Each structure stands twice: as structure tokens, then as C-alpha cells.
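Visitor: Structure incoming, see below.
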């Protein structure tokens, strides 16, 4: 642990010196001399006197460093049976020309551009082109419903929407243009659109409002990256809030670039020229940070994958990608590996591929339960690392310090705070709790570079959502504890705590026990109101495909396991076996939605749901 402690201590004791040193590793237009300006609310503006451009760092700086002919981006689409690759030189040309297209559409520095695209190279090109001219992009997950898109159009007030004729959802073609047209019919704000036509579906181009991507690009010339203040907004990314109004997290150019560049080696152990496969979507923060910006700024090759971990065509999809592109590290959500485990528990698909290039596997997005950790470790015989972060942080807050010196993994823990993050566990009154006592996970202000700078157009919401609950701290909304060795355990959202007869019990702990059963592929535990005890836990489990256990026997075994591990106080007496669980497209189980079904409430189906029929499956089981 000594190498970790040394680096972490340097960042804590001299944050100014530490982060200026990290900044010096990038190619600035004007190098900063000041690390941070701390505002009255405790938040920081990073490198306020520096000038930089993320698109320049991701492309021009790589070419200047001699990587022009290295592949920057691989595109692999099993759903369309197509592949492509772009060297840094080729990607630079595409981005620089599309930046000219944006300029011709009247987009200037500070203007917003909504990007509503599937997982195709044009998504990364549009993002980098916006950054190149100082436009602020807001990627909305392709396929989001028209109303949700309309709400974001009115909040961001973009000058332009960049979209495609369609996306591919499994074996279905989903036309995007009708969704965009419907959203514009609802929205008050009326931007123009650029449409990339895909061969699976042609979109109608309305003269005067719509522009064809290829036609516009054919008349464009490459333009240079614009020097920008380091604090200039790079993007707005909407995340779920407790109200209907979207919550637009704002990220800057300078602090974000420095943080991502640091994390590529410190967290992921990569070196320039290696291949990083992040199986996510550019609609999520993971796609922003570790498909597009992080790998390119660091000089790695990145893979943009249009497919799923299973059924495109099978549970060997990830392993094929590793073999085909000689991947050095994979990063995906635990739910992806649970899906693989459900389809192929013995790992027969893995044995068909050459995995020799793969060094490490990373998971984040929700808690990595020990059962999934152990299955993946045993199957691949590789280090598997959990790490914890959020849309708001933009990069990991807790991780194993692989780039410094990897430490022992404790299943269920995301290991140690990353340099720059001082993490505390607080009780409701803001008092620090002792080791192993569960409370609210908070980060002392100011936050390090790369984190959110504000909420778009709503500074008050920044305070209400994150700063007011614990003065002097950023409140993550997650609960957990820190053990005697300093390992951080994130047990889930603070609303995923069940209060049984005055005893606060973690659903994460119960799920961990259920997931350990040899027949369980995936599970969720939620609270049900109870007149006597306040709340009672109810479990939902998905069986592995090969399971032959009788349902009644499984229920008895699981209930007994909870009783043995936690005690009778847990009162888990009800278990349901379901074919699937409602999840977001990024793989998070929608426990709140399960609770609504369980309690007979009106179900507020979120726009982020991956499979709306999963709600019907829960309802059918409960009948």
C-alpha cells in the first residue's frame, strides 16, 4: 500500500502542485500557473488561467506525438455486420471537416448542440467537432422517447440537433427522425437538424430545416481547434433527478482532460498505444469519458461497439472483441457480466477465442457483487477490479491504484479513494462514523478536476442536490462504509436502505447473499411497507439458464441464507423468481420501479428503461 499512500498523500497535502504537475503532461495553448480558484460554495474552477481544447488534445496533439497512423477508433457493429477503423490522421480529418459543417450551420463558441445518435463513429466525430469550435454538446441517448428529447431541447436550447436516420435495437430498426420531429413539435425551442443517413432506414429531409450529413461534409474544409479557457464548458450530460425536470451536469475542458489523462494509467494501468474496450454508450458518462475522450487524449486505441454482451450473436461477443482487436483492458457494467454468466455459466464461449492480450477487467455503474466478481475472476483467470464513480464526478472516485501498484482486492469493495477525493462516511447530522458503520458517502470540497462545475442553468439545484445536506461536502447519494484498512464499500443508493423495526438494513448486503447461491444469475431486494415493522424486504431473483432447482426449494434455501448471514431481524420471507428485472440501458436495476409495482402504485416508467416488458413480467409474477 505504500506507493498508493505516497501518491494519495501528495495530492492531499499539495493539491496545487500535484494537479499542476498532471496538467504539464498535456499540450496546452497556454499552460496554467494556477491550479484552482475556489468559489464561495466550496466548488473549484480548475486551471482558470490556462487555455486548451479537448479536441486538439485528442487528435492534433496525438499526431504531433507521432501517432498519426495509429488506429484511434475501431467501430464494430454485429447488429449491422459492419466494421471500420480510423487512424488519428483520418479521425482528425473527419472531425476538423465536420467542425466546419457546424460553423456553416451558424454554430459558434458557447452554442449548444444536441447529439441524438446511435453507437456509430459519427457520434464521436460530432462530439469532438463540437469541442473543436467551443460548442457545448449534449448527447441524448439514441432512442429516448420524443417527450424526453423535447424536455432536453428546451432546457439546453441548442442551435442544432445532430441525428441519424435510425438506430438498431436488437434485431429491430428504430427510426430516429420521426422521434426528433415529434420532439420538435412538442418543444418550444426550434433548432435545425443534421441527419446522417444509414442504409437500414432512410429519413425524410425537410428542406429549410434538415441538412444531410454527407452532403454537407462533402463541401467542408478542415478547420483548426479553437483555443479555449480551461473553464469553458465542454458538455452538458443529463442525469436522473428526483423531479421531472432534467438535471444537466456541466463539465469543463481543462480539468476534465487532466483528470482523464491521469486516470488512464492510474486506474486502468494503460500506456499509450494500447487498446481499451469500454462496452457502454456515448449517451452515458462512461461513453464520454472512456470511449471518446480519455483513451484518445492518452493516446490509446478505443473501440466503439454497437451491440450487446449477449445475443449479438451470443455470450461470446466481448471475448470476440478482445481477440479481434487485441484488447488490453475491458470496462463494462456488472450487469453485462451477469448477463454473460446467465447465458454461459461454464464459459464455453470464452474458450473459443484468443484472450492472451487481455490484462484486466473493470466494472462500474452499480455495485460489483462478490458472486459476479468471483465468477469472472475464476472464468478468465485475470484481475477484476470494481471502481466507483458517477455522472457527476466524470471519472473514478474510488479505484484500485493499478498504475501505481495494484493492491489486494476485497470483494464487494471499490478499494481506495483516488487522489484528489477525500471521502468520509457521515451520519444524518454530519458526524463522521467509525469504520464499518454505514452512512452517507460524502466527498470533502473542493472536488478535484474533472467533476461537475454546475447544473446547467440552475445553480440552486447544484446546492439542493449535492451541497446543502452536508455543508463543506459533496453528498454522493450513495451509502456505505470504510473498513479498518481504508477500503471503501459502496452498498447502494441511500434510498436502498430498509428500515425493519428500527434496524437499518442494506439491500446491497442482502443481494450479495442471494447472488452467492449457485442457481442465481441476478437479483434485487426492495422494501415493502409493513404495518408492524415499518418495512420488510422482498427479494426478486433470476435463475441461471441451466438451473433445474425447484422454485420452492430455492426460496427456502435463500431465505435460510439471509437468516444465517444477517439474522432473523432481516425478516426476508418473500422471494419471487422472475424471468427478467427492469433496468436502465446502462444496466442499473430500477429498484424504485420494482417498489412501485410491489406497492400497487402508479408506475412512472423512466425514459432510460431498457425493456419496458420487464415491468409486466414483475406484475405477472406478483399476481
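Numbering (UniProt numbering), first residue to last: 1 to 623. Every residue, glycine too, gets a C-beta built ideally from N, C-alpha and C. In this text the structure is predicted, and so the values were computed from the model without any measurement.
At 3 residues or longer, and completely inside the region 165-214: list those beta strand (DSSP E) runs for me, N to C.
Guide: 166-169, 172-175, 192-196 and 210-212
Visitor: At the level of alpha carbons, what is the spacing between residue 56 and residue 132?
Guide: Answer to the nearest angstrom: the Cα atoms are 7 Å apart.
Visitor: Is there contact here, the region 212-220 with the region 100-107, by at least three beta-carbon pairs under 8 Å?
Guide: yes
Visitor: Got a sec? Which residues, its chain only, sit under 6 Å from residue 268 by beta carbon, not counting five neighbours each side?
Guide: 329
Visitor: Counting along the chain, where does the beta strand (DSSP E) carrying residue 486 start and finish?
Guide: Taken as a continuous stretch (DSSP letters only), residue 486 belongs to no beta strand (DSSP E), as it is neither H nor E.
Visitor: Just the C-alpha distance for residue 204 and residue 117, rounded to the nearest angstrom, thanks.
Guide: 16 Å
Visitor: Let me confirm a value: residue 614 is counted as buried when at least 16 other C-beta atoms fall within 10 Å, else exposed. Which label applies?
Guide: buried
Visitor: How far does the beta strand (DSSP E) with residue 530 in it reach, from first residue to last?
Guide: 520-530
Visitor: Label residue 381 either buried or exposed according to how many other C-beta atoms from any shown protein chain fall within 10 Å of its C-beta, with 16 as the threshold for buried.
Guide: exposed
Visitor: Can you tell me whether residue 573 is buried or exposed? The criterion is at least 16 other CB atoms within 10 Å of its CB, across all chains shown.
Guide: exposed
Visitor: Pop quiz: residue 260 and residue 300 are said to be a contact at Cβ under 8 Å. What is the actual Cβ separation, rounded to whole angstroms?
Guide: Going by Cβ atoms, the distance from residue 260 to residue 300 rounds to 11 Å, so no, they are not a contact pair.
Visitor: What is the DSSP secondary structure of residue 563, reduced to helix, strand or coil?
Guide: Helix.
Visitor: Would you identify the three-state DSSP class for residue 427, choosing helix, strand or coil?
Guide: coil
Visitor: Put residue 516 into one of helix, strand or coil per three-state DSSP.
Guide: coil
Visitor: Go ahead and label residue 348 buried or exposed: buried means 16 or more other beta carbons lie within 10 angstroms of its beta carbon, across all protein chains shown.
Guide: exposed
Visitor: Would you call residue 191 buried or exposed, if buried means 16 or more other Cβ atoms sit within 10 Å of its Cβ?
Guide: Of the residues assessed, residue 191 falls on the buried side of the cut-off, its CB having 16 or more other CB atoms within 10 angstroms.
Visitor: Taking three-plus beta-carbon pairs below 8 Å as touching, is the region 465-477 in contact with the region 66-78?
Guide: no
Visitor: Tell me whether residue 274 sits in a helix, a strand or coil according to DSSP, three-state version.
Guide: coil
Visitor: Is the Cβ-Cβ distance between residue 648 and residue 101 less than 8 Å?
Guide: With the chain represented from 1 up to 623, any question about residue 648 goes unanswered, as that position is not in the structure.
Visitor: Going by the CB atoms, is the gap between residue 251 and residue 452 shorter than 8 Å?
Guide: yes
Visitor: Measure how close the beta-carbons of residue 403 and residue 256 come, nearest whole angstrom, since I'm counting them as under 8 Å.
Guide: Between residue 403 and residue 256, the beta carbon gap of about 19 Å keeps them out of contact (Cβ cut-off 8 Å).
Visitor: Go ahead and pull the three-state DSSP assignment for residue 534.
Guide: strand
Visitor: Within its chain, find whatever has a CB closer than 8 Å to the CB of residue 243; leave out the 5 residues flanking it on each side and keep chain order.
Guide: Residue placement at residue 243 is flagged as unreliable, the pLDDT there being 47, under the threshold of 50; a coordinate-derived value is accordingly withheld.
Visitor: Can you tell me which of the three DSSP states residue 417 falls into?
Guide: strand
Visitor: Could you give the distance in angstroms between the alpha-carbon of residue 665 and the alpha-carbon of residue 600?
Guide: Not covered by the structure: residue 665. The range shown for the chain is 1 to 623.
Visitor: I think residue 282 touches residue 291, with their Cβ atoms under 8 Å apart; what is that distance to the nearest whole Å?
Guide: 6 Å
Visitor: Roughly how many angstroms separate the alpha carbons of residue 361 and residue 579, rounded to a whole number?
Guide: 27 Å
Visitor: Can you have a look at residue 551 and say buried or exposed, based on whether 16 or more other CB atoms are within 10 angstroms of its CB?
Guide: exposed
Visitor: Report the option in 553, 595 and 568 whose CA atom is closest to the CA atom of residue 529.
Guide: The option with the nearest alpha carbon to residue 529 is 595.
Visitor: Whole alpha helix (DSSP H) runs in the UniProt domain "Acetyl-coenzyme A synthetase N-terminal" (4-57) with 4 or more residues, listed along the chain?
Guide: 15-23
Visitor: Identify which residue in 58, 121 and 489 has its Cα closest to the Cα of residue 368.
Guide: Measuring from the Cα of residue 368, the nearest candidate turns out to be 489.
Visitor: Taking Cβ positions, are residue 479 and residue 521 nearer each other than 8 Å?
Guide: no
Visitor: Report yes or no: do three or more beta-carbon pairs, one from the region 42-57 and one from the region 73-89, lie closer than 8 Å?
Guide: no
Visitor: Based on the DSSP secondary-structure assignment, which residues constitute the bridge partners of residue 160?
Guide: 113 and 192
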